[in-house]
Amino acid sequence: MDVLIAGAGPAGSRLAGNLAGKGLSVILVEKLAKASQNAFSSAVVPIDSIRSGLIPEESVSSYWKSWNIFDPQGIAHQWTNPQCLGAVLDFQKLRENLWQKAIDQGVIFLSGCYVKSALSTKDYVEVIIVGPHQEVMTKRVLFVVDATGHSRLLIGKKQRDSNFNGDKILIGSGIEWIIKVDINQFKRWDDRITFFLGSKWVKNGYAWIFPMADCKLKVGVCSLPPLDERKINYNQINLLALKNLISRFDMVDSPVTDKHGGIINSTINRREAHYSGRIIGVGDAVSTANLLGGEGIRHALLSADVLAPLLVKACKLSSNSNGYFLLLHKYQKQLSRKLGWRWAISNRLAKKTWWNLSDQKGDKRIQMLIKSLSLKASADEISALLFDYRFERYGFRLLPYLLMGWRGV
Ligand SMILES: Cc1cc2nc3c(=O)[nH]c(=O)nc-3n(C[C@H](O)[C@H](O)[C@H](O)COP(=O)(O)OP(=O)(O)OC[C@H]3O[C@@H](n4cnc5c(N)ncnc54)[C@H](O)[C@@H]3O)c2cc1C
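Residue numbers for the sequence shown follow our numbering, beginning at -11 and rising by one.
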């Protein structure tokens, strides 16, 4: 066997399909038994990622063309584009689609099994997998990929040992409920993505309502508190904020069809190790998620696309241990170049924005930003800001806010 991939999220399953498509033998191991389990991602993506084929169209649940933001005082601001600006995905369908594509390429897919450990030697990696009935299996492969997302199961220790070169990992946690509403209620949220910003909605984060197919709404809350406040029980605080939102918009009696949640984490500069011997990280495991808009699906897929050709070459070079080392070394640089310098600025702004959004001062600042956007920006410019990180397009009115974010971190 050439490669074993731990984790079949967007990054792991895309990579598995890519590698098998190039003739490698690949095992993909996923601890979930079904794609429907904990489909945690609210999964908003820009339209380009669908049009370019990066994200399969079959996974789209609804399209949107307006940004709708409730400010700290509860006033709604809306920016509408004549054409579609993005999509809300059904994360279950995205997983199913990517899993099926991997299987069609010949990947051996072990769902309901988890990778317990991986030991990298000079010539191979020995992996221990635990099956659905707790049976233990051992596999020997040329390379192992850690695609376990925020848990960074296999690569995390090496990353922590190097202390991220001072680049601390920032952590956000979110919960989301899927609520089925009647058509009249649905119309209020259809065609747009709605965010709630301000400490009265949720401290150190944001809340959202996104439309899905079949009159369903994704209603969620995510908070990214300062690291020293992580001990506070943010799950409880998020749950309270979510319930307040549901009650405020008269959805208390509407059926909740699913409840899920997850962690999103990233460093600002992505300086942490991307590989350790023959174990390589991909997707959230190497901080591809951007924390400003809590967006990681596109970037996780991109990291798989960057890694695949290098890993194909590395498998062919396997007898030459220095050769693979050089190839893996290129991976981090190529990925950083693809994500671009704007990506890091955006994460820096995320830290400043979410850490400070906890009191009146933070509320005032966000209010000022929303006001500036109302005066200056169109809907597609807001998309360019949050998806392409094109901060400079807003001219001098926004610069003080952005520079405050830059200097303060
Ligand atoms: C609340 C929330 C909302 C979000 N909203 C958006 C959004 O609107 N748009 C967007 O683009 N991104 C969003 N994201 C981020 C996005 O979902 C992630 O960045 C993306 O899923 C990362 O993909 P991944 O493959 O790297 O990791 P994951 O999707 O986390 O996949 C990792 C996989 O590894 C499996 N796994 C873990 N441990 C093991 C093990 N030991 N053995 C086997 N399998 C294992 C897990 O079950 C999981 O399936 C959101 C995240 C959260 C938490």
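Yeah, the Cβ is synthetic: ideal placement off N, Cα and C, and Gly gets one too. Here the structure is a predicted model, which is why all the values come from computation and not from measurement.
Check	Outcome
Whether or not the region 288 to 304 and the region 46 to 66 are in contact is what I'm after, with contact meaning three or more pairs of Cβ atoms, one per stretch, closer than 8 Å; do they touch?	no
Closer than 6 Å: is that where the CB of T245 sits relative to any heavy atom of ligand 1?	no
Taking the alpha carbon of R236 as the reference point, which residue from G271, S264 and I197 has its own alpha carbon closest?	I197
For ligand 1, is there a heavy atom less than 6 Å away from the beta-carbon of P120?	no
Does the beta-carbon distance from I143 to N226 come in below 7 Å?	no
Classify V397 as buried or exposed, calling it buried when 16 or more other Cβ atoms lie within 10 Å of its own Cβ.	With a pLDDT of 35 at V397, under the threshold of 50, the modelled position of this residue cannot be trusted; read the value that follows with caution. With fewer than 16 other Cβ atoms within 10 Å, it is exposed.
How many whole angstroms separate the CB atoms of G74 and I43, which I take to be in contact at a CB cut-off of 8 Å?	Contact flag wrong, Cβ pair sits at about 10 Å.
Quick check on Y319: does DSSP put it in helix, strand or coil?	helix
Just the Cα atoms here: how many angstroms apart are L205 and I167?	5 Å
Out of curiosity, what's the CA-to-CA distance linking N192 and L12?	44 Å
State buried or exposed for S366, treating a residue as buried only when at least 16 other CB atoms are found within 10 Å of its CB.	exposed
Nearest to A90 by CA position, among N221, A8 and E260, is which residue?	A8
Quick check on I225: does DSSP put it in helix, strand or coil?	helix
Distance, Cα to Cα, M(-11) vs E123?	20 Å
Any heavy atom of ligand 1 within a distance shorter than 6 Å of the CB on G137?	yes
Would you identify the three-state DSSP class for H262, choosing helix, strand or coil?	coil
Within the same chain, show all residues whose beta-carbon is closer than 6 Å to that of I96, passing over the 5 residues directly before and after it, in chain order.	I15
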